[in-house]
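Trainee: Take the sequence shown: its position 256, counting from 1, is numbered 259 in the numbering used here, and each next residue is one higher.
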Amino acid sequence: MMHNSARNSDHHQTRLRLQTEKASALTRAVPASAHQEDMRILSAAVDNLLKCTGFKSRARRNCFDYRLERNDVYLPDLPPAFDGYTILHFSDLHADGLVDEGEGIMRIVETVPCDLAVLTGDFSFEEADVNYETCLEALVPIVRSISVQDGIFGILGNHDLLEMVPALERMGVKMLLNDAVQLQRGTAKIVLAGVDDPHFYKCHDLQKALSAVAPDQLVILLSHSPEIAAEASRCGVDFYLCGHTHGGQVCLPGGIPLFANSSCYRRFVSGSWKCGAMQGYTSRGTGFSFTAARFFCPPEITLHTLHTGSFPCEFYDSVEENIGKLLNFTRHSVYA
Ligand SMILES: [Fe+2]
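Right, here's the structure in full:
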């Protein structure tokens with residue numbers, strides 16, 4: 004496996020400047036964006052509503068009702084040597100917010116053998132929190148509980164700071180900041196690429212991340228949010244893994260999200276989806292943020308199993324495509 008650790012200093016400077024601006028805005032209790040202010044108001048409103056209606060403790064318990072979701076992905080260009088390859092996917096751990104210290108997560112992880120593990124950002128609970136030591140301490144036992152042959156890879160989310168990267172790498176999480184690695188089985192190789200946060204910092208650089216990809220290689224992309232799915236599809240990415248939306252976190256019965264905290268179409272908010280020829284999956288998140296509340300949207304750890312070929316039922320594909328088109332006209336997010 005080859006890991007190109009060369010870092011782009013322009014990217015670092017931009018990221019650090021934006022982090023400083025965000026931290027300074029937060030210190031002055033001035034939101035860094037109208038979007039953040041909206042989320043604060045919404046979070047306080049949900050919290051008060053739950054207290055008034057007596058659902059607060061139920062909403063909190065739901066945050067630790069972890070589900071192992073299994074997602075079978077059929078990729079026509081997957082080399083046969085990777086048929087059956089498994090990827091354990093965590094997103095939005097917000098580790099310092101997990102009052103059970105990750106115990107429920109570790110109970111699941113220890114029973115799931117897999118080839119690769121990926122963490123699609125938002126390790127921290129608070130945004131731009133310079134006191135990220137608590138988050139890193141909470142992450143250590145979770146990361147240690149993951150046993151994989153091809154390693155653990157991560158990307159940064161909008162809650163995370165660039166300064167966390169060295170500690171994450173010492174912990175065993177190889178960070179992909181607009182970078183890529185080759186995964187190998189025998190003589191066959193596929194690419195695992197990762198970009199920096201495209202939601203708040205917008206420091207993603209897809210071109211750079213994919214710069215060393217051979218034209219016929221299968222590419223799996225890690226991106227914190229689904230917001231660059233269309234661009235990734237145009238760039239030839241085959242499978243896109245993300246989170247950030249928390250699946251809505253507080254949903255109506257049937258898992259219908261009220262908010263996605265993201266500028267994306269409703270079909271990208273959770274679960275598997277398609278964008279052109281590219282397949283994707285948005286995790287509902289493993290942790291929670293803003294307030295300890297989940298409804299009709301349990302936290303998840305996802306086990307993706309890759310298969311060579313097309314989905315066995317063409318009818319399903321056409322139904323899925325038509326449902327996607329039907330929902331496409333509705334932008335999910337109020338911030339879009
Ligand atoms: Fe996020």
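Glycine included, each C-beta is placed from N, C-alpha and C at the ideal position.
Assuming residue 1 contacts residue 91 under a Cβ cut-off of 8 Å, what Cβ separation, rounded to an integer in Å, is found between them?
Mentor: Given a span of 4 to 339 for the chain in the structure shown, any question on residue 1 remains unanswerable.
Trainee: Would you mind sorting residue 55 into buried or exposed? The rule is 16 or more other CB atoms within 10 Å of its CB.
Mentor: Exposed.
Trainee: Whose CA, out of 241, 93, 296 and 276, lies closest to the CA of residue 255?
Mentor: With distances taken between Cα atoms, residue 255 lies closest to 296.
Trainee: Which residues in the same chain have their Cβ closer than 6 Å to the Cβ of residue 122, if we skip the five residues on either side of it in sequence?
Mentor: These residues qualify, in order along the chain: 93 and 157.
Trainee: If you scan the region 93–173 from start to end, which runs of the alpha helix (DSSP H) of 4 or more residues do you find wholly inside it?
Mentor: As far as the region 93–173 is concerned, its whole alpha helix (DSSP H) runs of at least 4 residues are 106–112 and 136–147.
Trainee: Taking the C-alpha atoms as reference points, what is the distance between residue 218 and residue 134?
Mentor: Distance between the alpha carbons of residue 218 and residue 134: 43 Å.
Trainee: Kindly examine ligand 1 and report whether one of its heavy atoms sits closer than 7 Å to the Cβ of residue 290.
Mentor: Residue 290 Cβ: outside cutoff for every heavy atom of ligand 1.
Trainee: I'd like to check one pair, residue 224 with residue 240: are the Cβ atoms closer than 8 Å?
Mentor: In this structure, residue 224 lies closer than 8 Å to residue 240 by Cβ.
Trainee: Measure the alpha-carbon distance for residue 67 versus residue 236 and round it to whole angstroms.
Mentor: In a straight line, the C-alpha of residue 67 is about 34 Å away from that of residue 236.
Trainee: Do the CB positions of residue 78 and residue 311 come within less than 8 Å of each other?
Mentor: Closer than 8 Å, so yes.
Trainee: If you measure from each CB to the nearest heavy atom of ligand 1 and keep those under 5 Å, what residues do you get, in chain order?
Mentor: Going by the Cβ distance cut-off, the answer is 125, 160, 161 and 247.
Trainee: Going by DSSP, name the residue or residues bridged to residue 285.
Mentor: 245 and 274.
Trainee: Does the region 194–201 come close enough to the region 173–186 to have 3 or more Cβ pairs within less than 8 Å?
Mentor: Yes: the two stretches touch, three or more of their Cβ pairs being nearer than 8 Å.
Trainee: Consult DSSP for residue 30 and reduce its assignment to one of helix, strand or coil.
Mentor: Three-state DSSP puts residue 30 in a helix.
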